[in-house]
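Participant:
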Amino acid sequence: LCSYTSIFAICCLLRNTKYFNELGCCFDVILPRKISISELCYRQRTNNVGLLTQICSYYSMYGHVEKLAEEIKKGASSVEGVEVKLFQVPETMNEEVLGKMGAPSKSEVPTITANELAEADGILFGFPTRFGMMAAQFKAFLDSTGGLWRTQALSGKPAGIFYSTGSQGGGQETTPLTAITQLVHHGMLFVPVGYTFGAGMFEMEQVKGGSPYGAGTFAGDGSRQPTELELGLAHHQGQYFAGIATKLKGSSVDA
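In full-length UniProt numbering, the protein residues as written are 1 to 255.
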């Protein structure tokens, strides 16, 4: 009952809704509080008025996702009035294991805490795939956002996804698709890139990652790096996402 992932165990005294387990023990369960449209608008009006703060939070073991993140930041920063902050999520594996896996040392990009997500007007999440889903390191970080879920602190915020897979059939669509469930429970607004990248989305002469869900790349055995086309999609996604987030914030202020 001490596990963070057990909702029933961490919420005993916070709400009055009663549940009974199979042993017949009664306990309280935490519930997210109701958020009104007017409160969402108020949050947007009072959160960094005049400057849109965007967080690009990612996990990258071999550097592929990090390169996409850097390009996304460039794209988003090209939109007037947008400030972009790059963060890594905490590593869950020890240095010895990472060394045996051939992972390079982490960059100097700061490590994010869950509560920092609430400070952003929009958030882009990036991660490599593991068997068609996000890597465990990123899932562990999202599992730590229960407090934000309870207060619905991320509700109404736009969110995007980018990723890396090992092969063409390794999860270029299933990885972002399965990640959307995390956004849904937080009440976030998923902003896919769609086909707004134009002809680059229909390129057939070269291997390329990415999909209408978001920018992507193929890592292969680790030696392959994001191509110019893949980085171009990442830059476009950052710019497109920042534009949408700006419109959303502007409409909230007008409201």
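Built from N, CA and C at the ideal position, the CB exists for glycine as well.
Determine the direct distance from the alpha carbon of Gly-194 to that of Pro-212, and round the result to whole angstroms.
Facilitator: Residue 212 sits at position 212 when you count from the first residue of the sequence shown. Residue 194 sits at position 194 when you count from the first residue of the sequence shown. Their backbone Cα atoms lie some 4 Å apart in a straight line.
Participant: What does the alpha-carbon distance come out to for the pair Lys-100 and Tyr-58?
Facilitator: As a working note, residue 100 is residue 100 in the sequence shown. As a working note, residue 58 is residue 58 in the sequence shown. Going from the Cα of Lys-100 to the Cα of Tyr-58 covers about 22 Å.
Participant: Just the C-alpha distance for Phe-190 and Val-84, rounded to the nearest angstrom, thanks.
Facilitator: Stepping through the sequence shown from its first residue, residue 190 is reached at position 190. Stepping through the sequence shown from its first residue, residue 84 is reached at position 84. Straight-line Cα distance between these residues: approximately 18 Å.
Participant: Would you mind reading off the limits of the alpha helix (DSSP H) that contains Pro-176?
Facilitator: By one-based count along the sequence shown, residue 176 stands at place 176. Here the alpha helix (DSSP H) through Pro-176 covers 174-186.
Participant: What's the call for Asp-143, buried or exposed, on a 16-neighbour Cβ count within 10 Å?
Facilitator: What you label residue 143 is simply residue 143 of the sequence shown in a count that begins at 1. With fewer than 16 Cβ atoms within 10 Å of its Cβ, Asp-143 is classed as exposed.
Participant: Which runs of the beta strand (DSSP E) fall wholly inside the segment 54-103 and span at least 3 residues, in chain order?
Facilitator: 82-88, all fully within the segment 54-103.
Participant: Going by alpha carbons, who is nearest to Gly-122 out of Gln-206, Met-188, Pro-90?
Facilitator: Within the sequence shown, numbered from 1, the residue matching residue 122 stands at position 122. Checking every option, the nearest Cα to that of Gly-122 belongs to Met-188.
Participant: Run through the DSSP bridge pairs and tell me what Ala-130 is partnered with.
Facilitator: By one-based count along the sequence shown, residue 130 stands at place 130. Rather than Ala, the amino acid found at residue 130 in this sequence is Arg. Note: Arg-130 sits in a beta bridge opposite Met-133.
Participant: Taking Thr-227 as part of the beta strand (DSSP E), name the residues at either end of that continuous run.
Facilitator: The residue given as residue 227 occupies position 227 in the sequence shown. Per DSSP, Thr-227 belongs to no beta strand (DSSP E) and is neither H nor E.
Participant: Nearest to Leu-51 by alpha carbon, out of Val-79, Gly-132, Ser-105?
Facilitator: Translated into positions along the sequence shown, residue 51 becomes position 51. The shortest Cα separation from Leu-51 among Val-79, Gly-132, Ser-105 belongs to Val-79.
Participant: Measure the alpha-carbon distance for Gly-169 versus Ala-219 and round it to whole angstroms.
Facilitator: Taking the first residue of the sequence shown as position 1, residue 169 is located at position 169. Taking the first residue of the sequence shown as position 1, residue 219 is located at position 219. Their backbone Cα atoms lie some 12 Å apart in a straight line.
Participant: If you check the beta carbons only, do Ala-159 and Leu-183 fall under 9 Å apart?
Facilitator: As a position in the sequence shown, residue 159 is number 159, starting the count at 1. As a position in the sequence shown, residue 183 is number 183, starting the count at 1. Yes, the Cβ-Cβ distance between Ala-159 and Leu-183 is below 9 Å.
Participant: Under 8 Å: do the segment 232-240 and the segment 65-73 share three or more Cβ pairs, one atom per stretch?
Facilitator: Short answer: they touch.
Participant: In this structure, does DSSP put Leu-51 in helix, strand or coil?
Facilitator: Position 51 of the sequence shown, counting from 1, holds the residue named residue 51. In the structure shown, Leu-51 sits in coil (DSSP, three-state: anything other than H, G, I, E or B).
Participant: Using only the alpha-carbon positions, how far apart do Asn-48 and Ala-242 sit?
Facilitator: The residue given as residue 48 occupies position 48 in the sequence shown. The residue given as residue 242 occupies position 242 in the sequence shown. Because the pLDDT at Asn-48 is just 44, under 50, the model does not fix this residue reliably, and the value given afterwards should be weighed accordingly. Whole-angstrom Cα-Cα distance: 15 Å.
Participant: Alpha carbon to alpha carbon, what distance is there between Phe-87 and Ser-77?
Facilitator: By one-based count along the sequence shown, residue 77 stands at place 77. By one-based count along the sequence shown, residue 87 stands at place 87. Whole-angstrom Cα-Cα distance: 15 Å.
Participant: Skipping 5 residues on each side, what residues in its chain have a beta carbon closer than 6 Å to that of Gly-166?
Facilitator: On the sequence shown, position 166 is the one that residue 166 refers to. Answer for Gly-166: Ala-219, listed in chain order.
Participant: With DSSP as the reference, identify every bridge partner of Ser-155, one or two as the case may be.
Facilitator: Position 155 of the sequence shown, counted from the start, is the residue given in the question as residue 155. Answer is none; Ser-155 lacks a bridge partner.
Participant: DSSP on Phe-218, reduced to helix/strand/coil?
Facilitator: Locating residue 218 in the sequence shown gives position 218, counting from the first residue. Note: Phe-218 maps to strand in three-state DSSP.
Participant: For residue 293, count the other beta carbons within 10 Å of its own beta carbon; 16 or more makes it buried, fewer makes it exposed. Which is it?
Facilitator: This structure cannot speak to residue 293, because the chain is shown only from 1 to 255.
Participant: Would Val-89 and Phe-162 be called neighbours here (beta carbons separated by less than 9 Å)?
Facilitator: Counting from one through the sequence shown, the residue named residue 89 turns up at place 89. Counting from one through the sequence shown, the residue named residue 162 turns up at place 162. No, the pair does not count as a contact, with Cβ atoms beyond the cut-off.
Participant: Please report how far the alpha carbon of residue 259 lies from the alpha carbon of Gln-225, in whole angstroms.
Facilitator: There is no way to answer for residue 259, as the model of the chain reaches only from 1 to 255.
Participant: For Ala-199, count neighbouring C-beta atoms within 10 Å of its own C-beta (all shown protein chains included) and say buried if the count is 16 or more, exposed if not.
Facilitator: In the sequence shown, residue 199 corresponds to position 199, counting from 1. The residue in question, Ala-199, is exposed, as its Cβ has fewer than 16 Cβ neighbours within 10 Å.
Participant: Helix, strand or coil for Tyr-163, going by three-state DSSP, please let me know.
Facilitator: Counting from one through the sequence shown, the residue named residue 163 turns up at place 163. Correct three-state label for Tyr-163: strand.
Participant: Using DSSP's beta-bridge definition, name the partner residues of Leu-124.
Facilitator: Within the sequence shown, the letter at position 124 stands for residue 124. Per DSSP, Cys-56, Gly-160.
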